[in-house]
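Working notes, structure below.
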């Protein structure tokens, strides 16, 4: 199979792997492109018995190197750093025919889960993704990340303890998420503070990512009362030509914030039971480039 055929077959898989690792579409796409360019330049390509495994190893190692180099940049990032959202506007926008749609519409790709992945080291993230998302055995993972099999088991256990206890009880239920979201939008538009308080957990948190390029909350906003006050302020100060579209963001119902049909933000939610626990607002224009036409 030549490189072009491999690209067609494995690009969705490799993009999904890179996006899980990096949390940004542009960097994931660049990593996949660079991987195939390097693969095409190998002298002994014909000797590679398992191109899929080899390509996954190349992508994983590139992602680990990228995360290590990006660590300092993310530490000095203005305000909270949130993953870049992947948006589908409706079932007819081509997503149903895109092989990446199924790969990305997973519980382990919600904004909440990817945000929690930021607590992991690059190696922990690689081991967790390869094991949980792609069901690699520990021997395969060890060969990819350059650790022993026993070490990979320990790394996986440690990473899972960091991420899973919080995520285990919050699996995606699209219809329930949509019901809660619709009630929230209705209450916010009507200024119904009492209903909003019922729809948010007491310790609700809003994280706003402007990247230092647009106005956003530099620190997380905590408690339901403060979150509601912040959102009501946004509604009051929004231009008259502002609109909100309900879309699918990383496999969950979410919102596109638009001014004159130009997307200026996305809003994603993490539900806990019948209430919203966390709100993720992405306003950094660099992370909205692929959403705007």
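Residue numbers (my numbering): 553 to 845.
Every residue, glycine too, gets a C-beta built ideally from N, C-alpha and C.
So for residue i, helix, strand or coil by DSSP?
{"i": "residue 625", "result": "helix"}
{"i": "residue 806", "result": "strand"}
{"i": "residue 755", "result": "strand"}
{"i": "residue 557", "result": "helix"}
{"i": "residue 681", "result": "helix"}
{"i": "residue 644", "result": "Model confidence at residue 644 stands at a pLDDT of 48, short of 50, so the residue's coordinates are unreliable; what they give is reported in the following sentence. Note: residue 644 maps to coil in three-state DSSP."}
{"i": "residue 848", "result": "Examination of residue 848 is not possible in this model, given that the chain is present from 553 through 845 alone."}
{"i": "residue 813", "result": "coil"}
{"i": "residue 773", "result": "strand"}
{"i": "residue 844", "result": "coil"}
{"i": "residue 796", "result": "strand"}
{"i": "residue 790", "result": "coil"}
{"i": "residue 761", "result": "strand"}
{"i": "residue 639", "result": "strand"}
{"i": "residue 801", "result": "strand"}
{"i": "residue 634", "result": "coil"}
{"i": "residue 713", "result": "helix"}
{"i": "residue 594", "result": "coil"}
{"i": "residue 768", "result": "coil"}
{"i": "residue 620", "result": "helix"}
{"i": "residue 701", "result": "helix"}
Can you give me the C-alpha to C-alpha distance between residue i and residue j, rounded to a whole angstrom?
{"i": "residue 751", "j": "residue 826", "result": "7 Å"}
{"i": "residue 773", "j": "residue 681", "result": "30 Å"}
{"i": "residue 782", "j": "residue 672", "result": "30 Å"}
{"i": "residue 796", "j": "residue 607", "result": "40 Å"}
{"i": "residue 647", "j": "residue 755", "result": "Only weak support is given to the placement of residue 647: the predicted model assigns it a pLDDT of 47, under 50, and the value that follows is read from those uncertain coordinates. Going from the Cα of residue 647 to the Cα of residue 755 covers about 35 Å."}
{"i": "residue 644", "j": "residue 839", "result": "Only weak support is given to the placement of residue 644: the predicted model assigns it a pLDDT of 48, under 50, and the question is left unresolved by the model."}
{"i": "residue 616", "j": "residue 748", "result": "41 Å"}
{"i": "residue 628", "j": "residue 761", "result": "13 Å"}
{"i": "residue 596", "j": "residue 554", "result": "13 Å"}
{"i": "residue 566", "j": "residue 788", "result": "43 Å"}
{"i": "residue 598", "j": "residue 563", "result": "19 Å"}
{"i": "residue 689", "j": "residue 822", "result": "31 Å"}
{"i": "residue 741", "j": "residue 784", "result": "9 Å"}
{"i": "residue 582", "j": "residue 670", "result": "20 Å"}
{"i": "residue 724", "j": "residue 578", "result": "25 Å"}
{"i": "residue 699", "j": "residue 800", "result": "38 Å"}
{"i": "residue 729", "j": "residue 777", "result": "21 Å"}
Which residues does DSSP pair with residue i in a beta bridge?
{"i": "residue 820", "result": "832"}
{"i": "residue 827", "result": "824"}
Is it true that the CB of residue j sits closer than 7 Å to the CB of residue i?
{"i": "residue 609", "j": "residue 696", "result": "yes"}
{"i": "residue 637", "j": "residue 818", "result": "yes"}
{"i": "residue 612", "j": "residue 678", "result": "yes"}
{"i": "residue 639", "j": "residue 843", "result": "yes"}
{"i": "residue 824", "j": "residue 757", "result": "no"}
{"i": "residue 701", "j": "residue 694", "result": "yes"}
{"i": "residue 811", "j": "residue 837", "result": "no"}
{"i": "residue 820", "j": "residue 668", "result": "no"}
{"i": "residue 666", "j": "residue 806", "result": "no"}
{"i": "residue 674", "j": "residue 733", "result": "no"}
{"i": "residue 569", "j": "residue 803", "result": "no"}
{"i": "residue 530", "j": "residue 683", "result": "With the chain covering 553 to 845 only, the question about residue 530 has no answer from this structure."}
{"i": "residue 809", "j": "residue 816", "result": "yes"}
Would you say the beta carbon of residue i comes nearer than 6 Å to a heavy atom of the ligand FMN?
{"i": "residue 750", "result": "Inclusion of the ligand FMN in the displayed structure is not the case, the ligand content being empty and no account of it being possible."}
Notebook entry, point to check: Counting Cβ pairs, one atom from each stretch, are 3 or more of them under 8 Å apart for the region 757-776 and the region 830-837?
Noted result: yes
Check: On the three-pair Cβ rule with 8 Å, is the region 704-711 touching the region 615-631?
Finding: no
Margin query: Would you call the region 554-566 in contact with the region 584-598, where contact means no fewer than 3 C-beta pairs closer than 8 Å?
Written below: yes
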